[in-house]
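J.: First the structure, then my questions, so here it is.
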Amino acid sequence: MVRIGPMASPINRFNRRDLIAGLGAAALCPVLPATAFAQGRTSVTLEARPERLSLRPGGPETAVWSLGNGGLRFKRGETLDVTFGSELPAPAALNCRGLDGVPAAEPLTSRMPIAAGAKDSFQLPLRHAGTFLCDLALPGEGGDKPVRPRPVIVAGTSPVAVDRDEILLIEEWRLRADGSAIPPGSDPKDTTPIHTVNGKTSFEISAPANTRLRLRFINGSPRSVLAVKLENIDVRVMAIDGQAAEPFSARNGALVLAPGNRTDVFIDAVGPAGTTFPILLHDGTQARGIGKLTVSADTAIRPAPFAPAPPLPGNDLPAQLDLKAAARIELALGASADWVKAAEFKPSAAPAFQVKAGRPVVLALINRAPDTTVFHLHGHHFRLLDRLDDGWKPFWLDTLAVEPGQTQRIAFLAEYPGRYLIETAATDWAAPRLLRWYSVQ
């Protein structure tokens, strides 16, 4: 298998093609298996409701739809007894990104959208540790307000040597002159793009010298590929899309994330008090500051920085995939009669493909559309195959951006029987999110 190096382009030279190309530029290796699991059940109530955000200083607050603020934190091996309710004036469905093998919680194939005042209950076993995301994007994009995702953090059962663990949820908004925001799938004419981190227009953090921070970057934009750069500091990538990586340094301190991608990094606050490390965001057209890390004047937390971190414990994904025995399916991405909007989705429709449990699957993702298209697989993580189909890149993903005119091949082991969604959306604010489903029998 070929090992590929991290992203090479400085952030101030990025364009949209650079952003997409950088998505595969990471070098990871097989991770260590976890040997113990947390046990027990936890009751969780999630309420979809209207919320208001201050996105322009001195301007009116913006109405959005939300599942609440802040990350939800649990432990691997727990089972969540989820009660999902809604106060929204449109049907709402809970959509959890990256939580593999939970067909009973799958939106639209197993759980139907609920109306205002209704509730739905189900169990959600947490098989994997990592950074995940829940949202109302299905069928929330059919409403008149944009929706906010909510991070879900699942800790492993082994301690991780960090002093602070921070979530950076990056969201994109398209604002009209009156301060109102339009949802994705709408024409963005006469709107201004605004980005926030954790619901605020700037993220600032200070820490004593030699503090080790775990920063969990999440691209909560529904359509845009984003690049984030931390200047003048070593950025050590530890996990992507909820799956652990062999640690490596992000070249130029830059990370590239497709919509819904998550990347966990470790950084050490080094230098004398007052040292500042800017955080830049690039959306494919320009770079701008969205925050900073400052070394505080407090006494150093330790005499010297930690030694380089070992890999995070893994989630027991298969070490090998038998490509010779794989079911091979071609999947054309983009608008066609086979792909439908969430409001038009019917579980009775024919699946995109069916496969027996325990068999490897190779999907050829063909993008004939004029725009980059983002593909998201529910239920399983996948490997990105080499161009010659003779091996795979050494990392796991649940989301992949495919450039116009390109074909990418991915492979996964169909471990979990059930019915699962697949999603595509062009990197164009006005483009609809489109759905199909697949079956593991």
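Offset between the sequence shown (1-based) and my numbering: plus 659. Backbone N, C-alpha and C fix where the C-beta goes; we use that ideal spot for every residue, glycine too.
1) Give the straight-line distance between the Cα atoms of K859 and I812, rounded to the nearest whole angstrom.
2) Is K983 helix, strand or coil by DSSP?
3) Are the CB atoms of T850 and L834 within a distance shorter than 8 Å?
4) Please classify R961: does DSSP put it in a helix, a strand, or coil?
5) Which residue wins for smallest C-alpha separation from A866, given the options S955, F1034, S908 and A903?
6) Let me confirm a value: G1038 is counted as buried when at least 16 other C-beta atoms fall within 10 Å, else exposed. Which label applies?
7) Go through its chain and collect everything with a Cβ distance to P798's Cβ below 7 Å, but skip five positions before and after it.
8) Closer than 6 Å by C-beta to P1006: which residues in its own chain qualify, once you throw out the five before and the five after it? Chain order, please.
9) Considering E710, what are the terminal residues of the beta strand (DSSP E) in which it resides?
10) CB-CB under 8 Å to N869, same chain, minus the five flanking residues each way: which ones, in chain order?
11) Compare the C-beta of A978 against all C-beta atoms of chain D and say whether one is closer than 8 Å.
12) Residues in the same chain with beta-carbon distance under 6 Å from T1058, minus the five sequence neighbours each way, listed in chain order, please.
13) For P1063, which option in P972, A991, A984 and P970 has the closest C-alpha, if you only look at C-alpha atoms?
14) Tell me which residues share the same chain as T935 and place their Cβ nearer than 6 Å to its Cβ, disregarding the 5 neighbours each side in the sequence.
15) Please list the segments of the beta strand (DSSP E) lying wholly inside the stretch 965-1047, counting only runs of 3 or more residues, in order along the chain.
16) So if DSSP puts W832 in a beta bridge, which residue, or which two residues, is it bridged to?
17) Taking the beta carbon of K778 as the centre, do at least 16 other beta carbons fall within 10 Å, making it buried, or is it exposed?
18) Give the single residue among W832, I826 and K983 whose Cα lies nearest to the Cα of V806.
19) With DSSP as the reference, please indicate the residues paired to N878 in a beta bridge.
20) Check G776 in the structure and name its three-state DSSP category.
21) Locate the beta strand (DSSP E) running through I812, then write down its first and last residues.
22) When the Cβ atoms of the stretch 697-706 are set against those of the stretch 733-751, are three or more pairs found closer than 8 Å?
23) By alpha-carbon positions, which one of A1011, I988 and K983 ends up nearest to A996?
24) Within the same chain, show all residues whose beta-carbon is closer than 8 Å to that of P847, passing over the 5 residues directly before and after it, in chain order.
25) When burial is assigned at 16 or more other CB atoms within 10 Å of the CB, is P881 buried or exposed?
26) Report yes if the C-beta distance between A903 and T790 is below 8 Å; otherwise report no.
27) Taking the alpha carbon of A1028 as the reference point, which residue from L1022, T1083, D981 and L1056 has its own alpha carbon closest?
28) By the 10 Å Cβ neighbour count, where 16 or more other Cβ atoms means buried, how is N1026 classified, buried or exposed?
29) What does the alpha-carbon distance come out to for the pair C688 and G776?
30) If you measure between the beta carbons of L1024 and Q1067, is that distance less than 8 Å?
31) Buried or exposed for E830, please, with buried defined as at least 16 other CB atoms from any protein chain shown within 10 angstroms of its CB.
32) Helix, strand or coil, according to DSSP, for P784 in the structure here?
33) Please classify K983: is it buried, with 16 or more other beta-carbons within 10 angstroms of its beta-carbon, or exposed?
34) Measuring only the C-alpha atoms, how far is E710 from C793?
35) Out of A1085, Y1079 and P969, which one is the CA nearest neighbour of R756?
36) Whole alpha helix (DSSP H) runs in the stretch 713-763 with 4 or more residues, listed along the chain?
T.: So, to answer that:
1) K859 and I812 have their alpha carbons spaced roughly 20 Å apart.
2) For K983, the three-state secondary structure derived from DSSP is helix.
3) yes
4) DSSP places R961 in coil when its eight states are reduced to three.
5) Out of S955, F1034, S908 and A903, S955 has the C-alpha closest to the C-alpha of A866.
6) Classification for G1038: buried.
7) P750, A752, P772, A1001 and A1002
8) T768
9) R700 to L712
10) D927, A928, V929, A959, I960, R961, P962, A963, P964 and F965
11) The question asks about chain D, but that chain is absent: this structure has only one protein chain.
12) A917, G919, N920 and H1035
13) A991
14) Same-chain partners within the cutoff: K951 and T953.
15) Listed in chain order, the beta strand (DSSP E) elements of length 3 or more contained wholly in the stretch 965-1047 are 986-992, 1012-1014, 1019-1026, 1032-1036 and 1041-1044.
16) I853
17) exposed
18) W832
19) Answer by DSSP bridge pairing, in chain order: I829.
20) If DSSP states are grouped into helix, strand and coil, G776 belongs with coil.
21) R809 to A814
22) Touching, yes.
23) Per the Cα distances, A1011.
24) R833, I841, W1088 and A1089
25) buried
26) no
27) T1083
28) buried
29) Summary for C688: the model assigns pLDDT 30, below 50, so the residue's position carries little reliability, and this model does not support an answer.
30) It is a contact, given that the beta carbons lie within the stated cut-off.
31) Counting Cβ neighbours within 10 Å, E830 comes out buried, since at least 16 surround it.
32) Note: P784 maps to strand in three-state DSSP.
33) exposed
34) 16 Å
35) Y1079
36) none
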